[in-house]
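Inspection log for the structure reproduced underneath, given as C-alpha cells.
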Amino acid sequence: MALFSALASTLWPVSERTKPWMTRMVRTLTALWQHSGSTPAPVIPVVGQPLRAGEVALVGAGPGDVELLTVAAVNLLQQADVVVYDRLVSPAILKLVPTTTRLICVGKAASFHSVPQSRINEILIEQSQLGARVVRLKGGDSFIFGRGGEELEQLAAAGLVFRVVPGITAASGCTTYAGIPLTHRKYAQAVTFITGHCKSGGEEPDWSSLAVSNHTLVIYMGRLEAQRIQEQLIAHGMDEQMPVAVIENGTRLEQRVLSGELTHLASLAHQAASPALLVIGHVVELRESLQWFEPLTSVAESKVLPESAL
Ligand code: SAH
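So, in C-alpha cells, the structure goes:
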C-alpha cells in the first residue's frame, strides 16, 4: 500500500490538491450520464403527502409569475392525473404540467362563464369518483374571490377527500411587483380587499368606511366598475386627488401599471386590459421610489390624464 502511494504521488504529484476537484467532476459526469437517457427522472415529492387516487387538491396558482408558485403546488401539479384550471392561470404555469396529464380548461371571464359553476363541480366530483388524482388550479388564492369555498362545499357534501394549498393573492403579488407596499406605518394602517363585481342587486359595500385616508383599498374585478367606484368614494368624502393605480397583468412580463389620481380612476381602468387590479391610497405614491420589477415592455408605466387628453 505504501509502495502504491509512493508510486502514485510520483506519477501524480498534485493529487491531494486535485482530488476534491476530480471527485466532483466524476460525480457530475456520472449524474449527467444517468440523466441523459430518454426516460425522465421520476418525480418524487420533496415534501408532503403524495396525492392519493380520488383526492382533489384545490391549489392557488398565484397571480402569474411562475416563481410565485408554492413548492406544494409544483409537487401536486407533477403528480396529478387531471388538472382542472381557470383562465386566470398563466400559460407559464401550465407549462409545468407533465404532457401526459389531462388538462381541462373551465376558463372564466368577468362577464362570461365558459363552463357554469355547477358543471365545474360535477367535473371535479366525476374525476374524483373515477379514481383520478385531481388538481383544481385557480389563479391567486382559491379562498379570495375564487369560489374555492363553494367548490369545496360540494366536494365535502359528496364525501370526497380534498386538500387546499394557498396561493399568493393578486392584492399581495401585484402590488409587490408594482412597488406598492399595502401597509406602511406612515400612510396606511389598514388594508381592505373588495370585489367591484357585485352580484346584480347585491349589497353595496359600506362606502363611508372605505373612503378613509389612512387605509389602502384593493379592488378585484373592478375594471368595468371603476366609474361607479370613483363616484362613490368621492361622494363619501375621499379626496379627489387620492393616488390610485391600475395594475394590469401583475407579476407577469407584460405587467403594466397606470397611475394617477382618484378623479382619473375610470379613465385609467378604461385603458387597462384584463386582468387588472385597482389600488387606492397614499401608499401608491411610494411606487415612485420603490419600483423594482422590470416588465418586458418599455412603456410599462404611464401617468394617465383625463379622457379628454387622450
Ligand atoms: N382568487 C384570485 C382572484 C380572482 S378574482 C386571487 O386571489 O388573486 C379575479 C380578479 O383578480 C381579476 O379581475 C383582477 O382584478 C385580479 N387579478 C388576478 N390576477 C391578476 C393579475 N395577474 N394582475 C392583475 N389583476 C389580477
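Each residue of the sequence shown is one higher than the one before, starting from 387 at the first, in the numbering used here. C-beta atoms are modelled at their ideal positions from N, C-alpha and C, and glycine is treated no differently. Since this is a predicted model, take the numbers as computed values, not measurements.
Simplified DSSP state of residue i, which is helix, strand or coil
i    : result
A597 : coil
E680 : coil
P629 : strand
V521 : strand
E590 : coil
S424 : For S424, the pLDDT reaches just 43, beneath the cut-off of 50, and the residue's location in the model is therefore unreliable, leaving the point undetermined.
L663 : strand
L338 : Nothing about residue 338 can be reported from this structure: the residues present for the chain run from 387 to 696 only.
L538 : helix
G636 : coil
A478 : helix
R708 : Here the chain covers residues 387 to 696 and nothing more, so residue 708 does not appear.
A658 : coil
R549 : strand
T486 : coil
A557 : helix
N564 : Per the sequence presented here, residue 564 reads as Ala, with Asn not at that position. Coil, per DSSP.
M411 : The predicted position of M411 is uncertain, since its pLDDT is 43 and thus under 50; no value can be drawn from it.
H570 : strand
I530 : coil
S497 : Bear in mind that a pLDDT of 47 at S497, under 50, signals an unreliable position, so the model cannot answer this.
V670 : helix
L516 : coil
A621 : helix
R609 : helix
A372 : The shown model of the chain, from 387 to 696, leaves out residue 372, and the question about it has no answer.
Nearest to residue i (by Cα), restricted to the options the options
i    : options                : result
P567 : G446, P484, W678, A443 : W678
Q613 : N635, L654, R488, V643 : L654
L603 : V468, E590, I506, P629 : P629
D451 : Y606, V468, A631, G553 : G553
L577 : T561, L516, L462, E589 : Before going on, a small fix: residue 577 reads as Val here, not Leu. It is T561.
N461 : Y606, L538, L523       : L523
I479 : E671, Y563, R638       : R638
A631 : Q618, H656, H622       : H656
Q464 : P449, E537, V483       : V483
G526 : S675, L454, L676       : L454
R508 : I530, T486, E536       : At residue 508 the sequence reads Glu, which differs from the Arg that was named. Residue E536 is the option with its Cα nearest to E508.
E674 : I490, G646, V468       : G646
F579 : S476, V468, I530, R642 : I530
V598 : H668, G446, A544       : H668
V550 : Y573, L538, A652       : L538
I605 : V470, L651, C491, L489 : L651
L546 : D467, A574, A564, L516 : L516
L444 : G565, V468, F548, L672 : F548
R609 : Q641, G636, S660       : S660
T569 : E680, V670, E441       : V670
G559 : L663, L682, L672       : L663
G582 : V665, V457, I490       : V665
Buried/exposed call for residue i, threshold 16 Cβ in 10 Å
i    : result
I633 : buried
G513 : Note that residue 513 corresponds to Gln in the displayed sequence, not to Gly. Buried: at least 16 other Cβ atoms inside 10 Å.
R438 : exposed
N600 : exposed
D592 : exposed
R571 : exposed
E617 : exposed
A658 : buried
L644 : buried
S594 : exposed
P449 : buried
R519 : buried
Q435 : exposed
P477 : exposed
P502 : exposed
E589 : exposed
G700 : As shown, the chain starts at 387 and ends at 696. That puts residue 700 outside it, with no answer to give.
Q627 : exposed
A621 : exposed
E680 : exposed
R505 : exposed
S528 : buried
R488 : exposed
Contact test: residue i Cβ vs the ligand FMN heavy atom, cutoff 7 Å
i    : result
S528 : This structure does not include the ligand FMN; its bound ligands are the ligand SAH.
Which ranges would you report for the beta strand (DSSP E) in the stretch 437-465 if only whole runs of at least 3 residues count? 442-446
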